[in-house]
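Those letters in the sequence shown? Residues -18 to -1, 1 to 98, per mature numbering (1 follows the signal peptide of the UniProt record, and there is no 0), in order. Note that the Cβ used here is the ideal one computed from N, Cα and C, for glycine as well. These numbers were taken from a predicted model, which means no experiment stands behind them.
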Amino acid sequence: MKKLLIITVLMLPVMGYAADPLYGEFGDMADSASNQHANSDDPCTILFCMAGKAQGGSGGADCDPAVKKFMSIIKKKHGDFSPSRTANARRDKLNECPSADGGLVDKVISKFGRMR
């Protein structure tokens, strides 16, 4: 299951470009769909982008806002950066995605959860 999710996440950009000519007959609908960007506030988008980074990918420019949003989740204790609280808050954000795989969330958090 985890491998399938990771493969799916990494193939999304390729599948989007491959599918575009199939919808060319719909004119404006195809144009508006190809011009939409990922919602950086969406927990699933954040999870998919961070999972790609955890696997060694970059996610491309479309993932930059989601990665920035994830890394902007910072918790402090007595005014100082708290790695454990930050990791917990980031885990909570990723778990807001209904299709979040626990193992994938754990992998992202183990790699990026405590980073400042």
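Cβ neighbour criterion (16 or more within 10 Å) applied to residue i
i	result
Phe63	exposed
Val87	buried
Lys59	exposed
Gly61	exposed
Residues of its chain near residue i, where Cβ-Cβ distance is below 6 Å and the 5 sequence neighbours each way are ignored
i	result
Ala36	Lys89, Val90 and Lys93
Asn21	Thr27
Ile56	Thr68
Rounded separation between residue i and residue j - CA only
i	j	result
Gly38	Val49	14 Å
Pro65	Gly85	20 Å
Lys75	Leu29	9 Å
Ala71	Pro47	18 Å
Ser40	Gly34	7 Å
C-beta atoms of residue i and residue j nearer than 8 Å
i	j	result
Glu53	Met97	What sits at residue 53 in the sequence shown is Met, not Glu. Contact flag set, yes.
Close-in-space but distant-in-sequence residues of the same chain around residue i (CB under 7 Å, 5 per side omitted)
i	result
Arg73	Val87, Ile91 and Gly95
Own chain residues within Cβ distance below 8 Å of residue i, not counting five before or after
i	result
Lys51	Ser22, Asp23 and Ile28
Taking 8 Å as the threshold, find out whether the region 68 to 81 comes into contact with the region 23 to 40 through three or more Cβ pairs. yes
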